[in-house]
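As structure tokens, the structure follows; a few thoughts come after it.
Chains as they are written, first to last, in my numbering: chain A, -7 to 76; chain B, 11 to 167.
Structural data, given as structure tokens:
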């Protein structure tokens, strides 16, 4: 799975939780889930759980704390997929 | 592990004492059952609860938001404290209800007892999501829905 495919899957996952539509339209590697998309911390947990289901991986506390931007999330997902 | 010697097993009274609420906004009397998957607790709405003065004029009925709060205090706060085990005591935790979806079936009048049962959907990254039901003392369904909440370190907000 390449980065673009990952990003498009991630976009589908985060869309229901996004409060800032403009941030979603401008989604890129540097997008911050909280600052740019205004996802709240409760829904951030839902994003992580949906990522686990979509990619069949397990996210631990340490990885979860890193996943605040698109870039960091893609890195974590790639890393976990490799380790499978 | 031998339950008798497990220090993280909390007595049900201990859980209520750890709650960050007090009168007139504490809506838990007892925790009857709790394990890693579910919790059951109850509360008797007293005749002189403050909100009966205004809800409604001449006809005191427990507001739906208060029933939701009661379900959240048992199904999220009490249950969350239990699920966090000893960790609750090691940090300065705050709690917040983050979402709820509720249906109401019967009114609850002053001096009625309600029994709340919450079943865990998940508890991950300090977020607890539960299916909750509330029954009255006759066993009639009063309310049913979904509640979610977070426990967070107050010093890191």
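Note that beta-carbon positions come from the ideal geometry of N, C-alpha and C, so glycine has one too.
Quick caveat, the model's predicted, so the values are computed rather than measured.
| query | result |
| --- | --- |
| Delimiting residues of the alpha helix (DSSP H) encompassing residue 47 of chain A | 33 to 47 |
| Buried or exposed (CB count within 10 angstroms, at least 16 for buried), residue 11 of chain B | Legend: pLDDT at residue 11 of chain B = 45, less than 50; position of this residue unreliable, value from coordinates given subsequently. By the 10 Å Cβ count, residue 11 of chain B comes out exposed. |
| Pairwise C-alpha distance: residue 77 of chain B and residue 36 of chain B | 12 Å |
| For residue 94 of chain B, the nearest candidate out of B/47, B/42 and B/109 (CA to CA) | B/47 |
| Euclidean distance between Cα positions of residue 68 of chain B and residue 149 of chain B | 27 Å |
| Residue environment, residue 159 of chain B, which counts as buried when at least 16 other CB atoms sit within 10 Å | buried |
| Nonlocal neighbours in the same chain, by C-beta distance under 6 Å from residue 89 of chain B, ignoring five residues either side | 49 and 128 |
| is_contact[residue 43 of chain A, chain B] using C-beta, thresh 8 Å | no |
| Cutoff 8 Å: residue 132 of chain B Cβ touching any chain A Cβ | yes |
| Chain A contact for residue 158 of chain B (CB, 8 Å cutoff) | yes |
| Proximal residues of chain A, C-beta to C-beta of residue 78 of chain B below 7 Å | Correct list: empty, because the minimum Cβ distance to chain A is about 16 Å. |
| Residue 107 of chain B - partner residues in DSSP beta bridges | B/159 |
| Within-8 Å CB hit, residue 108 of chain B to chain A | yes |
| Residue 12 of chain A versus residue 23 of chain B: straight-line alpha-carbon distance, rounded | 44 Å |
| Within-8 Å CB hit, residue 137 of chain B to chain A | yes |
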